[in-house]
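Peer 1:
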Amino acid sequence: MTPFGTRLAHAIEERGRFCVGIDPHAALLHEWGLGDDVASLERFALTVVEAVAPVVGVVKPQSAFYERFGSRGVAVLERVVAESRAAGALVLLDVKRGDIGSTSQAYADAYLHPTSPLACDAITASPYLGFGSLDPMVESCRRHGAGLFVLALTSNEEGPEVQHARTADGTVAGTVLRHLRDLNAGVEPVGSFGAVVGATIGETGEDLDVNGPLLVPGYGAQGGTVADLERILGRAARWALPSSSREVLRAGPDVTALREAALRGNDAVRGLGA
């Protein structure tokens with residue numbers, strides 16, 4: 200299996216680095232004139248897939264917005280994953296899972312094993328039970344050519360109380376970044392193990408260059424700009440995936456308008472890190 204990092208590098212070259220979040224939260228369903236029910240969820244999500252999956256490199260469904268509808272919502276998520284991949288987009292499922300031992304392995308099997316109905320190209324993960332707790336996910340990524348994006352420096356105001364906390368070896372965020380750097384050491388063109396770094400975190404003294412991709416939420420409607428990304432990420436910007444959902448999704452439900460919004464987003468970040 201071709202490593203995720205290699206597939207991502209090809210996707211960025213062929214389709215660009217803009218990552219579109221497929222997040223059908225209740226307010227957006229309402230903006231589209233839809234109800235807050237499974238039928239509306241399905242119409243919303245699959246319309247977005249139709250519009251953007253053929254033209255962007257990465258889509259990022261947020262699992263929680265599907266899970267809240269129970270098994271029928273998860274069935275919609277399965278279709279989002281399968282149809283996005285069939286259209287040529289890489290699917291980064293935002294699940295932020297983190298546990299230990301057999302439970303961590305079960306999460307890996309659910310989202311990274313090729314036979315799973317939710318098999319994705321990559322997932323997000325939480326390292327706050329210790330980075331070693333993610334070992335089953337790391338090994339599954341290696342075995343199946345998948346990717347892992349680990350929370351490092353997030354934009355939420357509560358994040359610093361954990362991420363900026365200091366240990367004998369530096370900050371917690373710095374420790375996460377160091378582990379990722381070790382996992383990606385010597386890999387070309389880029390490793391498969393990335394960090395989640397918010398577009399609005401401001402200045403940081405951390406070395407964000409982990410020889411892996413950076414998922415950068417908070418771009419666009421949440422306030423992050425291209426200038427912010429260049430300043431915060433520095434040389435690591437060359438493998439950044441700026442992510443936005445509302446910036447694109449508010450253009451719906453018209454498929455053409457959604458696609459044009461995604462393409463504009465892609466154009467805006469095309470030169471990032473050059």
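Residue 473 is where the sequence shown ends in my numbering, and the numbering goes up by one at each step.
C-beta: ideal position from N, C-alpha, C; glycine also.
(1) Reducing DSSP to helix, strand and coil, say where residue 444 ends up.
(2) Per DSSP, which residues does residue 392 bridge with? Please list them.
(3) Taking the Cβ atom as the reference point for each residue, do residue 257 and residue 289 lie within a distance shorter than 8 Å?
(4) Since residue 370 and residue 363 should fall inside the 8 Å C-beta cutoff, what is the C-beta to C-beta distance between them, to a whole number of angstroms?
(5) On the DSSP letters alone, give me the boundaries of the beta strand (DSSP E) that residue 415 sits inside.
(6) Tell me residue 362's beta-bridge partners as DSSP assigns them.
(7) Residue 325 and residue 297 - do their beta-carbons sit closer together than 8 Å?
(8) In its own chain, which residues sit with a C-beta less than 7 Å from the C-beta of residue 239, not counting the 5 before and 5 after it?
(9) What are the boundary residues of the alpha helix (DSSP H) that residue 221 is part of?
(10) Expressed to the nearest angstrom, what Euclidean distance is found between the alpha-carbon atoms of residue 504 and residue 339?
(11) My understanding is that residue 204 touches residue 391, with C-beta atoms under 8 Å, so please give their C-beta distance in whole angstroms.
(12) Just how far apart, CA to CA, sit residue 310 and residue 321?
Peer 2: Let's see:
(1) In the sequence shown, residue 444 corresponds to position 245, counting from 1. If DSSP states are grouped into helix, strand and coil, residue 444 belongs with coil.
(2) As a working note, residue 392 is residue 193 in the sequence shown. BP columns for residue 392 point to 347.
(3) In the sequence shown, residue 257 corresponds to position 58, counting from 1. In the sequence shown, residue 289 corresponds to position 90, counting from 1. Their beta carbons are under 8 Å apart, which means residue 257 touches residue 289 by this criterion.
(4) By one-based count along the sequence shown, residue 370 stands at place 171. By one-based count along the sequence shown, residue 363 stands at place 164. Yes, they are in contact, since the Cβ atoms of residue 370 and residue 363 sit about 6 Å apart, within 8 Å.
(5) Locating residue 415 in the sequence shown gives position 216, where the first residue counts as 1. Per DSSP, residue 415 belongs to the beta strand (DSSP E) from 413-415.
(6) Walking along the sequence shown from the start, residue 362 turns up at place 163. Bridge partners of residue 362: none, in fact.
(7) Indexing the sequence shown from 1 puts residue 297 at position 98. Indexing the sequence shown from 1 puts residue 325 at position 126. Contact flag set, yes.
(8) For the purposes of this step, residue 239 is taken as the residue at position 40 of the sequence shown. If we look at residue 239 and ignore the five residues flanking it on each side, its Cβ neighbours are 228, 233.
(9) Translated into the one-based positions of the sequence shown, residue 221 becomes position 22. Counting along the chain, residue 221 falls outside any alpha helix (DSSP H), though it belongs to the beta strand (DSSP E) covering 218-221.
(10) The structure shown does not extend to residue 504, since the chain spans only 200 to 473, so no value can be given for it.
(11) Translated into positions along the sequence shown, residue 204 becomes position 5. Translated into positions along the sequence shown, residue 391 becomes position 192. At roughly 4 Å, the Cβ-Cβ gap stays under 8 Å, so residue 204 and residue 391 are in contact.
(12) Counted from its first residue, the sequence shown places residue 310 at position 111. Counted from its first residue, the sequence shown places residue 321 at position 122. One C-alpha to the other measures close to 8 Å.
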